[in-house]
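In our numbering, the protein residues as written are 29 to 236.
Take a look at the structure set out below.
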Ligand code: DC
C-alpha cells in the first residue's frame, strides 16, 4: 500500500501525511527533507548550489533514517532545497532512494511534489493537498511566530508564491496534479477535518 501526497509549500501535506501514516500503520517519508538535507550539507560546506556532480555525490551519502526535521526546517534551507531541486541528476538519485523506501513492506506514505507523477506513479491512492496562497501564508506565519521567528504575512506569502512558481516551472518532476489524484483543498478546513477527509478518500479507494 503506497499513499502519495503532493502539494505546494505549507499546504499542510506533511502533517496530513504523518497522521495518515500513523492511522494506517504505514511508514512515512517527507521527501522534502531529502532535498533539504542535500541543500543543508552543501550550505554547511560552502559548496555551490548549482554543481550537479557535488549534489549527486552528497545525495548518495544520505541516510533516510537520520533526517532531522527541526534542523532542516530552517527557511534558508528550504530556499536552497528548491533551487537544487531543478538538477535532473540530483532528482534521479533522490527518486531512487525514495522509491526504495516506498517499496519496503508494508508500504508507506510519501509526501512531496512529484510523488504521484514520478516517484510512485502506481501508488494505491494519490492525494493533492492544497490551500489558497493567503491561507498557506497565514498558517506559515503563525507557525514561524510561535517559534519566535519574526515574520510578516506579506513577506511569507511572497516567499511561498516564489517557491511554488519555481517548483511548478522546472522541467523535471515539477509540482503538478497527477491525472488520477484526489484534490483536497484545505483552505476552509482545520487539520482534523482535512485528516478525516483524507481518510475517507483512502477508505473509498479500498472499498472499490
Ligand atoms: O516540502 P518542502 O518545503 O520541505 O520542500 C523543500 C523543497 O524541496 C521544495 O521547494 C522543492 C523540493 N522538493 C522537490 O523538488 N520534490 C519533492 N518531492 C519534495 C521537495
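Cβ coordinates follow ideal geometry from the N, Cα and C atoms, glycine included.
Legend entry - Three or more C-beta pairs below 8 Å linking the region 125–138 and the region 50–59: yes
Inset, instruction - Compute the Euclidean distance between the alpha carbons of residue 111 and residue 103, then round it to the nearest angstrom. - result: 13 Å
Inset, instruction - Work out the CA separation of residue 192 and residue 108 for me, nearest whole Å. - result: 13 Å
Legend entry - Cβ-Cβ distance between residue 100 and residue 61 below 8 Å: yes
Inset, instruction - State the DSSP-derived secondary structure class of residue 114, mapped to helix, strand or coil. - result: coil
Legend entry - Proximal residues to residue 146 (C-beta, below 7 Å), its chain only, five neighbours per side dropped: 123, 201
Legend entry - Candidates 106, 117, 129, 165, of which the one nearest residue 86 by Cα: 117
Inset, instruction - State buried or exposed for residue 233, treating a residue as buried only when at least 16 other CB atoms are found within 10 Å of its CB. - result: exposed
Inset, instruction - For residue 161, collect the residues of the same chain with a Cβ closer than 8 Å to its Cβ; drop the 5 residues on either side in sequence, then sort them by chain order. - result: 185, 188, 189, 192
Inset, instruction - Return yes when the C-beta of residue 187 is under 7 Å from any heavy atom of ligand 1, and no when it is not. - result: no
Legend entry - residue 207 - DSSP class collapsed to helix/strand/coil: coil
Inset, instruction - Please say whether residue 219 and residue 59 have beta carbons closer to each other than 8 Å? - result: no
Legend entry - Among 29, 38, 30, nearest to residue 172 - alpha-carbon criterion: 38
Inset, instruction - State buried or exposed for residue 197, treating a residue as buried only when at least 16 other CB atoms are found within 10 Å of its CB. - result: exposed
Inset, instruction - Determine the burial state of residue 94: buried for a count of at least 16 other Cβ atoms within 10 Å of its Cβ, exposed for fewer. - result: exposed
Legend entry - Nearest-angstrom Cα separation, counted from residue 81 out to residue 46: 32 Å
Legend entry - 6 Å Cβ shell around residue 63 - same chain, five flanking residues per side excluded: 109, 113
Legend entry - Nearest-angstrom Cα separation, counted from residue 142 out to residue 203: 6 Å
Legend entry - Same chain, Cβ closer than 8 Å to residue 237, neighbours up to 5 away in sequence not counted: Since the first and last residues shown for the chain are 29 and 236, residue 237 lies out of range.
Inset, instruction - Whole angstroms is fine: what's the gap from residue 105's alpha carbon to residue 150's? - result: 30 Å
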